[in-house]
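Before any comments, here is the structure.
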Amino acid sequence: MADNFTSLQIENRVFKPAKDFSARAHIKSFAQYKKLYNESIKSPDKFWAREAKNELVWFKPWKKVLDWKPPFAKWFVGGQLNVSHNCLDKWLGTATANKAAIIWEGEPAAPGKPGEERTLTYKQLHHEVCLFANVLKKHGIKKGDRILIYLPMVVEAAVAMLACTRIGAVHSVVFGGFSAQSVADRVFDSQAKMIITADGGFRRGAVVPLKKNVDDAFPLNDAHGNPLTKTIEKVIVLRRAGNEVTFQPGRDLWWHEEVATVDAKCPAEKMDSEAPLFILYTSGSTGKPKGILHTTAGYLLGAKMTSKYVFDLRDEDVYWCTADIGWVTGHSYVVYGPLANGATSLMYEGAPNFPEPDRFWRIIAKYGVTILYTAPTAIRAFMKWGDQWPKKHDLSSLRLLGTVGEPINPEAWMWYHTVIGKKRCPIVDTWWQTETGGIMITPLPGATPTKPGTATLPFFGIVPEVVDDQGQAVPRNSGGKLVIRKPWPSMLRGLWGDEKRYKEVYWSEVPGSYFTGDGCRQDKDGYFWIVGRIDDVLNVAGHRIGTAEVESALVSNSKVAEAAVVGRPDALKGQALVAFVTLKTGITPNQAIRDELRNHVAKEIGPVAKPDDIRFAEALPKTRSGKIMRRLLKQVASGTEIKGDTTTLEDLNVLTKIGSADD
Ligand code: WTA
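Position one of the sequence shown corresponds to residue 361 (the working numbering), numbered consecutively onward.
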């Protein structure tokens, strides 16, 4: 690395936007950002009405910009539009029609070899979406029906999502790395009618058996003893990996056979602004994942505007967001945001280091990628693998870099800036959540001076504040809870089927404000520094994992009596998952049980939730009221000294009995 700063020196460094970048940017100066931001806060109705009119195509204009009955918001009330129409039809008959909408690169077979590739223009993507939408209709899918999408990172994943939006079906994408149990849980909660999957997907040279996972989900029951067959009528299977799959006649259908039976004429349904668009399940601090509900107009406006201004999208860009479509970043910034802007969005199927650690850099050089949006965990991994990998490739096409998903440490920021951006490319560190639908706190690259490690300032219309336990704003430089004070168009509209939990989780911690679950500090310039989750949610390699979920997966194993899961700092993944487990009487801990439990969690939730460490204890430290003392366990897990008040411990001895990771 050319520069060798300590963290503190980096924190004090300010990077001003380069003049030539600002001159061509959508937002050209800090003053312009401030002016628009102030307008968006002072006259939100006027601001959003203008933006919604300019940015979206409407079938019917709205009557009211915002109907806010806290905590329930309705935006653009009375309006009608269609998301796939805004992403596809809008471009037909323009120069964009023959431009690449999606460039797809499959996982490569061997070192140095490119992967399979496929490019779809806007016109071709429109055609594919119309065909598949007609397949959905043919099988009785109607407005409002839920459809589970469980696909690898292939073009058809975007086609399936857009086809749902075209006919008003509500998609729920499940990350391909999740298990049969996770598929089942999401079907039970959403009452989905159909699953769209593939025979398999490729991951590091192996086939992920998606269809088999779906088959394994069918015999599983919900809390009332209902199997999947109660709601799922059809399973559509994409031929992708070519592996053997079993088919249930009448239920299972091949994608390619189905599209051959329909035509490509499929007008987009007129959808109300507030019609449900998708449900995306994400981990919370208690229970099973929550179904975050997003609706049509507000979400699309948020995804479109943030893509345009944060990534400063231009016609000639080749934009690459490396997220999987199973996460919200893939929804807003691989599919909806870029396509609504007529941009070229690159999709990559494989891992960053397969078959060699230069996959990203090879792809950037091959397609002339201009904008790269990825996660700090990936950046830290690239740093570890060494500068020789990016240095082998021509990265001169890059003009803007972005990060998302977890705090970026200043060292990683500087590496990204120097080795990848060659000190030329602005970095946008974007803070947001599944619930927020789009980016909330972020620099605008032509306008906002950046500092390594902070997401800087709010996007238009967003009013974040750092508050204490009483909900009062704290002075600059003191830590507190991050809340959002006002509603915004792309905010979640609720949790699927659970109004009570929606109110409790987001709106009761600080009454009247949206509680993010993150800790934060504002510096002297008002920049927001996200510290990380302050609830029982962990952020492991940029993935949200609920400790309660992993705990219930562990206790569902017959050998386990009790389990408590906490995070410990990890240099690569941000946080690692440590499980403290007590086994049932008579069972002696050993390595085989440790392996069994880790695999059990992978089977119950998915490999992303596998504990990094399992530590056995005779009993878990508890307060007098029986609550597990997580603070203590966190300290034990991170190897720090035990501090604070331990007098409420029921059994002080218990701490000395906690085994180490390698006993
Ligand atoms: C964390 C991902 C620091 C945060 C889009 C948040 C971040 C959670 C950043 C949401 C960032 C996301 N800096 N932390 N730039 N971006 N986070 O729902 O803790 O998967 O609450 O959405 O990721 O994760 P989610």
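Backbone N, C-alpha and C define an ideal beta-carbon position, used for all residues, glycine too.
Everything numeric in this text was worked out from a predicted model, so none of it was measured.
Note on THR621: under 16 other CB atoms within 10 angstroms of its CB, so exposed under the neighbour-count rule. Between ligand 1 and ASP930, a heavy atom-to-CB distance of less than 7 Å is absent. Between VAL843 and PHE820, the C-beta gap is not smaller than 8 Å, which leaves the two residues out of contact. Within the region 527-572, the complete alpha helix (DSSP H) segments of 4 residues or longer fall at 540-550, listed in chain order. The criterion of a C-beta distance shorter than 8 Å is satisfied by ASP449 and ALA628. By the CB criterion at 8 Å, TRP687 and PHE535 fall inside the cutoff. Contact check for ALA523 against VAL489 passes: the beta carbons are separated by less than 8 Å.
Here VAL870 has VAL827, GLY831, LYS841, VAL843 as same chain residues with Cβ atoms under 8 Å from its own Cβ, once five neighbours each way along the sequence are excluded.
In the DSSP secondary-structure assignment, GLU825 is bridged to VAL843. At a cut-off of 7 Å, the beta-carbon of ALA815 counts as near ligand 1: some heavy atom of the ligand is closer than that.
With fewer than 16 other CB atoms across the displayed protein chains lying within 10 angstroms of its CB, PHE419 is exposed. Per the C-alpha coordinates, the member of LYS650, PRO512, ASP623 positioned closest to VAL597 is PRO512.
Beta bridge pairing from DSSP links PHE714 with no other residue. If you draw a straight line from the Cα of TRP614 to the Cα of LYS395, it is about 53 Å long. Annotation: SER645 to VAL695 spans about 28 Å, alpha carbon to alpha carbon. At a Cβ-Cβ threshold of 8 Å, ALA601 and ALA558 count as neighbours. In the three-state scheme derived from DSSP, where H, G and I count as helix and E and B as strand, THR876 is classed as strand. Remark: C-beta atoms of ALA924 and ILE988 approach each other more closely than 8 Å. Exclusion of TRP848 from the 7 Å shell around ligand 1 follows from its C-beta lying no nearer than that to any non-hydrogen atom of the ligand. Just measuring C-alpha positions, the residue of GLU516, ALA703, GLU477, ALA544 sitting nearest LEU491 is GLU516.
For GLU766, the closest alpha carbon among the candidates GLU859, VAL891, TYR866 is that of VAL891.
Within the chosen limit of 7 Å, ligand 1 does not reach the beta carbon of ARG975 with any heavy atom. Look at CYS626 here: in three-state DSSP terms it is coil, with no helix or strand label. Assignment of ASN899 by DSSP, reduced to helix, strand and coil, places it in the strand class.
ILE890 has its Cβ nearer than 7 Å to a heavy atom of ligand 1. Residue state for PHE742 is assigned as helix, using DSSP reduced to three classes. For GLU766, the distance from the CB to the nearest heavy atom of ligand 1 is below 7 Å.
With contacts defined as CB atoms closer than 8 Å, ALA552 and ILE501 fail to qualify as a contacting pair. C-alpha of GLY504 to C-alpha of PRO636: approximately 7 Å in a straight line.
Pairing ARG836 with ILE768, the inter-Cα distance amounts to about 21 Å. The continuous alpha helix (DSSP H) containing LEU661 extends over residues 656-670. Per the C-alpha coordinates, the member of ALA901, GLY475, THR942 positioned closest to SER918 is THR942. Across the structure, THR525 and VAL443 are spaced so that their CA atoms are roughly 6 Å apart.
Ranked by how close their Cα comes to the Cα of ALA433, the residues SER633, ILE592, PHE381 have SER633 in first place. Between LEU640 and SER850 a beta carbon distance of about 13 Å is seen, past the 8 Å cut, so the two are scored as non-contacting. Just so you know, the alpha carbons of GLU909 and GLY839 end up roughly 28 Å apart.
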